[in-house]
Amino acid sequence: MEDVKTNYYKDNDRFYLSVDCIIFGFHKEELNLLLIKRNFNPCKGNWSLVGGFLKKDESLDQTAQRVLHELTGLNNVFMEQVGSFGAIDRDPGERVVSTAYYALINIEDYDPELATIHNAHWVKLSELPPLIFDHKQMVDKALRRLKRQVSNQSIGYNLLPKLFTLSQFQQLYEAILGKTLDKRNFRKKVADMDFLEKTDEKDKLCSKRGAFLYRFCEMDD
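Residue 0 is where the sequence shown starts when you use numbering that gives the first Met the number 0, and the numbers rise one by one after that.
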């Protein structure tokens, strides 16, 4: 019986499994992506998502969390699986099947020294450079999912600072959806959101009167 099992595995092709992370951040009214400028082959000198190979003692989720931590220094980050990409010739180096995850982080929280070590840079989504392999397809699919989930509390909770104005909140929506929203209609929508809480504090930088700051209600585990 053991020989049958051994032959079964030997008689089938072997290939690599990897994880690629689409890391979103929000800065100065724009959605940003954390990309690396590759200093290794294949495609040395080109832009790519950050990724890594699956280790034999890891699940896909654990690999994604490890890759994200190595690049940003962050743990317990909001992540979701986007899908798997397995075109035969997607990677010129070897046969590699990759599972993509998207992550949402507050740009102020990540470790810039780690980013420097990995030659990583924040790039505006509106100025996205050409990416290697099928990484642009991964980004597009992640963005479509993000747009569908934009009203989910966790989206803003992970991208905005602890305290924010309604203008910043609207700017985040506009950055994700890729369009301008009517201010009055958006404020009506905000009034129906039960996960936002108005504080007594004001942002005095935007005007003399200042704009009230909001925060997200505590999320349930």
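Think of the CB as a built atom: it goes at the ideal place given N, C-alpha and C, for glycine as much as any other residue.
Between Leu145 and Ile104, the CB-CB gap reaches or exceeds 8 Å. A Cβ-Cβ contact shorter than 8 Å links Leu180 with Gln169.
Leu204 sits exposed, since fewer than 16 C-beta atoms from the chains shown fall within 10 Å of its C-beta. For Met78, the uninterrupted beta strand (DSSP E) segment begins and ends at Phe77 to Phe84. Pairing Glu200 with Leu162 gives a Cβ-Cβ distance under 8 Å.
In this model, Gly177 and Glu57 are separated by some 36 Å (Cα to Cα). The secondary-structure analysis by DSSP pairs Lys123 across a beta bridge with Asn31.
The continuous alpha helix (DSSP H) containing Phe185 extends over residues Lys182 to Ala190. With respect to the C-alpha of His26, the residue from Phe194, Ser125, Arg186 and Arg208 having the closest C-alpha is Ser125. With 16 or more other CB atoms across the displayed protein chains lying within 10 angstroms of its CB, Asn31 is buried.
Proximity of the stretch 16-24 to the stretch 90-110 meets the contact definition, three or more beta-carbon pairs being nearer than 8 Å.
Residue environment for Thr198: exposed (fewer than 16 other C-beta atoms within 10 angstroms of its C-beta).
Under the three-pair Cβ rule at 8 Å, the stretch 83-93 counts as touching the stretch 128-143.
Ranking Arg208, Asp202, Glu173 and Leu165 by CA distance to the CA of Lys187 puts Leu165 first. With the rule of 3 Cβ pairs closer than 8 Å, the stretch 54-71 does not count as touching the stretch 138-158. Residue burial is scored here from C-beta neighbours: Phe14 has fewer than 16 other C-beta atoms within 10 angstroms and is therefore classed as exposed. Its chain contains Glu29 and Asn31 as the residues whose beta carbon lies nearer than 7 Å to that of Lys123, once the 5 sequence neighbours on both sides are disregarded; these appear in chain order. Taking 8 Å as the cut-off, the Cβ atoms of Gly72 and Thr62 do not count as close. Apart from the 5 residues on each side of it in sequence, Met137 sits with its Cβ closer than 7 Å to the Cβ of Asp19, Ile21, Leu48, Val81, Phe84 and Ala99 in its chain, given in chain order. Only exposed fits Phe39, as fewer than 16 other CB atoms lie within 10 angstroms of its CB. The C-alpha of Gly92 is placed about 13 Å away from the C-alpha of Ser17.
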